[in-house]
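Peer 1: Each residue of the sequence shown is one higher than the one before, starting from 512 at the first, in the working numbering.
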Amino acid sequence: MNFTTNMVYGALNAYRVSKFIQKDNTREYRWISLLPENSHDMERDILYVCLMTEALKRNKENQGFHYLCICDRYWDNDQASEFSSGMIVINENKDVAWLLNLVQQRFLRLSEWETNMQLAIIDNCSYQRLLDLCEPILCNFVSVLDSTYKLLAHTTHQKSDDPINVSLLEKGYHTEETIRKFQSQRRLKLYAEEHGLIFGHAGEISIYDTVCKWCHYGGENLLQTVMVCSNTPLSDELTELFDVLMKYIDICFQREQRQLLTPSKIYSSLMHDIIYENLSNPYRIADQAKRSGIPYISNFDFYKIVFEDIAIVPIGRFIQELSSYLPFSKIISQDFEICVLNIYDSPKITEYSHKNIEKIMPLLEKYKGICGVSESFSCLAELKMFAHQATCAFNIGIKLYNLGNHWSLVENIFESVMQKLESRVFYYNDIYVFHILQCSEIGSADLFTNSPYTKSLKTLMEYDKEHDGNLIEILYCYLLCERRPTAVGNILHMHRNTVLYHIGRIIEIIGTDLDDYWVRLKLMLAFHYLELQAANIKSNEVHSGK
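#1: What are the boundary residues of the alpha helix (DSSP H) that includes Ala898?
#2: For Cys763, count the other beta carbons within 10 Å of its own beta carbon; 16 or more makes it buried, fewer makes it exposed. Which is it?
#3: Per DSSP, Glu625 forms a beta bridge with which residues?
#4: Give me, in chain order, the residues of the same chain whose beta-carbon lies closer than 7 Å to that of Lys670; leave out the 5 immediate sequence neighbours on both sides.
#5: For Ile816, which residues of its own chain have a beta-carbon under 6 Å away from its beta-carbon, when the five flanking residues on both sides are left out?
#6: Run through DSSP, which three-state label would Asn588 get?
#7: Three-state secondary structure (DSSP) at Met512?
#8: Starting from Asp979, trace the alpha helix (DSSP H) both ways and give me its first and last residue.
#9: Report, in whole angstroms, the separation of the C-beta atoms of Leu680 and Ile760, which I expect to be a contact under 8 Å.
#10: Judging by CA-CA distance, which residue of Leu837, Leu990, Leu662 and Tyr943 is the nearest neighbour of Glu869?
#11: With a 10 Å radius around its C-beta and 16 neighbouring C-beta atoms as the bar for buried, classify Ile805 as buried or exposed.
#12: Compute the distance between the beta-carbons of Ile842 and Ser809, then report whether it is under 8 Å.
#13: Taking the DSSP output, what are the residues bridged to Asp672?
#14: Quick one: is Thr997 buried, meaning 16 or more other Cβ sit within 10 Å of its Cβ, or exposed?
#15: Among the candidates Glu687, Lys724 and Leu990, whose CA atom is the shortest distance from the CA of Ala703?
#16: So what's Ser955 in DSSP terms, helix, strand or just coil?
#17: Could you please give me the residues that DSSP links to Glu539 through a beta bridge?
#18: Under a Cβ-count criterion, where at least 16 other Cβ atoms within 10 Å of its own Cβ denotes burial, should Val614 be classed as buried or exposed?
#19: Use the C-beta contact count for Trp1029: other C-beta atoms within 10 angstroms, 16 or more gives buried, fewer gives exposed.
#20: Measuring alpha carbon to alpha carbon, tell me which residue in Gln533, Tyr939, Met972 and His946 is nearest Ile1017.
#21: Within a Cβ cutoff of 6 Å, which residues of the same chain sit near Phe897, ignoring the five residues on either side of it in sequence?
#22: Kindly identify the DSSP beta-bridge partner or partners of His577.
Laid out in structure tokens, this is it:
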């Protein structure tokens, strides 16, 4: 084990110390040794123990080494600034042998701790064993939790009177009240995005300073280790020692994940590779599907769930609750996206999918989730395409939902003719036409912006604006009702002859034959294209803060 400058400071906490090592000059030491007689025998990864006068003299000859010194002379601040770089000075009436022994004993203790952790890992130890070993070193309460915030292990002798930890030990998991504290401090987003150490200041969530780190596997946060500094204050040395512990926690975790290559782990990897990577070979997919418990040919559909505010969602707990509603579905997460592959025994996929949505709707409401639903499919190799459908469903569906009644139809007309878009669940089948229109804008040629049918609708809208009319509304209903004037009249509370009169006027204004099926189809697509444009403009305004 290498020892750091901060670990040396930790060994000297009980004594008066002057530190002349800049933060950017701290380093790791291979060992500690008395100062050799010949400067050519010195190495930069050794900490040298000597009298301060010897260190000053050697430092004048050759800088760049670190010294741990007993103060044996007086010097002013100018001397200290010029010659004492790289020195740690003990202002005590002690000798060099005492100082060497003091720091060596600390180094030996830390080295023995790491050796014991290495032996424990070799012996296939548990997390609890590693926490037992760290207790006399960290001298703080440390806990290990899974992604649902269930307690897996904790220090048994080092306790904490923090209410969160008292509740954790009593319940065996973090309560909803604790999760709400994480949400209020927006810690959950930080937990998901930060792969290093995460610090919490006293009073934010815990009454003490905390430091924690997550272990990741397959792109998911699966294990959290937390140290609560209720007994020993947080310091640079304590942070480094916690990081040493985390190295072995992570080894234990990674080995556990590899040993737990159950079908659920295999299907997670398979789904991830198909959806997010480039696994498309049907033979490889079929081979892995055999070992994962997913049929290669079956009745499937796919949900993708995202969240309005990712900072307040405990992903592990959400997946646990979702699994209780959908016990036969295959669920993975990636970057705050929840992917759900549903497998049905019956070909009545739409019927059973609606039942699934009814079950999970309270969960979506609780966590402010938004769900996109793909069309049904039968081959696992098609998963990526249908996952894309689910993404398009909520991306376009949200925009259309927020757009609302774009054509200013009276309420009963709007409700009777528009797609039934819910606020949290969007079906690809409902936005299919809008997706086609969106794709038409992505290519090199924009097929709809300057089409004669789009221009015709804009002309009609201008006419309505000038004459305070509603011809655009009448045409919209006429196309939706498939040219049935009586049906249009019933919706608009208008006589069928009046409808026919207005349709005649519309034909005069736009100069188009509405008896032609293809003309009507292109006009309807132009209506939907203008809706999509308006939805995109409104979405951009919201995101830009206008």
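Just so it is clear, CB atoms sit at the ideal spot from N, CA and C, and this is done for glycine as well.
Peer 2: Checking against the coordinates, here is how it stands:
#1: Your numbering for residue 898 matches position 387 in the sequence shown. Leu894 to Leu914 is the extent of the alpha helix (DSSP H) around Ala898.
#2: By 1-based counting over the sequence shown, the position of residue 763 is 252. With 16 or more other Cβ atoms within 10 Å, it is buried.
#3: The sequence position of residue 625 within the sequence shown is 114, counting from 1. Answer is none; Glu625 lacks a bridge partner.
#4: Here the question's residue 670 lines up with position 159 in the sequence shown. Counting only Cβ-Cβ distances below 7 Å, and skipping sequence neighbours, we find Phe652.
#5: Taking the first residue of the sequence shown as position 1, residue 816 is located at position 305. Cβ within range, chain order: Ile849, Gly880 and Cys882.
#6: Here residue 588 refers to the residue found at position 77 of the sequence shown. Residue placement at Asn588 is poorly supported in this model, since its pLDDT is 49, which falls under 50; the coordinates still yield a value, given next. Residue state, collapsed to three classes: helix.
#7: The residue labelled residue 512 in the question sits at position 1 within the sequence shown. Met512: coil per DSSP, three-state reduction.
#8: The residue given as residue 979 occupies position 468 in the sequence shown. Careful: Asp979 lies outside any alpha helix (DSSP H) and carries neither H nor E.
#9: Taking the sequence shown and counting its residues from 1, the one referred to as residue 680 is at position 169. Taking the sequence shown and counting its residues from 1, the one referred to as residue 760 is at position 249. Not a contact, Cβ separation roughly 19 Å.
#10: For the purposes of this step, residue 869 is identified with residue 358 of the sequence shown, where counting begins at 1. Checking every option, the nearest Cα to that of Glu869 belongs to Leu837.
#11: Taking the sequence shown and counting its residues from 1, the one referred to as residue 805 is at position 294. Classification of Ile805: buried, given that the 10 Å Cβ count is 16 or more.
#12: Counted from its first residue, the sequence shown places residue 842 at position 331. Counted from its first residue, the sequence shown places residue 809 at position 298. Not closer than 8 Å, so no.
#13: For the purposes of this step, residue 672 is identified with residue 161 of the sequence shown, where counting begins at 1. BP columns for Asp672 are empty, so no partner.
#14: Here residue 997 refers to the residue found at position 486 when the sequence shown is read from its first residue. Exposed, because fewer than 16 other Cβ atoms sit within 10 Å of the Cβ of Thr997.
#15: Your numbering for residue 703 matches position 192 in the sequence shown. Ranking Glu687, Lys724 and Leu990 by Cα distance to Ala703 puts Lys724 first.
#16: Along the sequence shown, one-based indexing puts residue 955 at 444. With a pLDDT of 49 at Ser955, under the threshold of 50, the modelled position of that residue is not reliable, and the figure given next carries that caveat. Here Ser955 sits in coil by DSSP.
#17: Counted from its first residue, the sequence shown places residue 539 at position 28. Its beta-bridge partners are Thr515.
#18: To locate residue 614, count along the sequence shown from 1; it is residue 103. It counts as buried.
#19: Counting from one through the sequence shown, the residue named residue 1029 turns up at place 518. Looking at its Cβ environment, which holds fewer than 16 other Cβ atoms inside 10 Å, Trp1029 is exposed.
#20: As a working note, residue 1017 is residue 506 in the sequence shown. The option with the nearest alpha carbon to Ile1017 is Met972.
#21: Your numbering for residue 897 matches position 386 in the sequence shown. Only Phe813, Ser885 and Phe888 meet the Cβ criterion.
#22: The sequence position of residue 577 within the sequence shown is 66, counting from 1. Answer is Leu558, bridged to His577.
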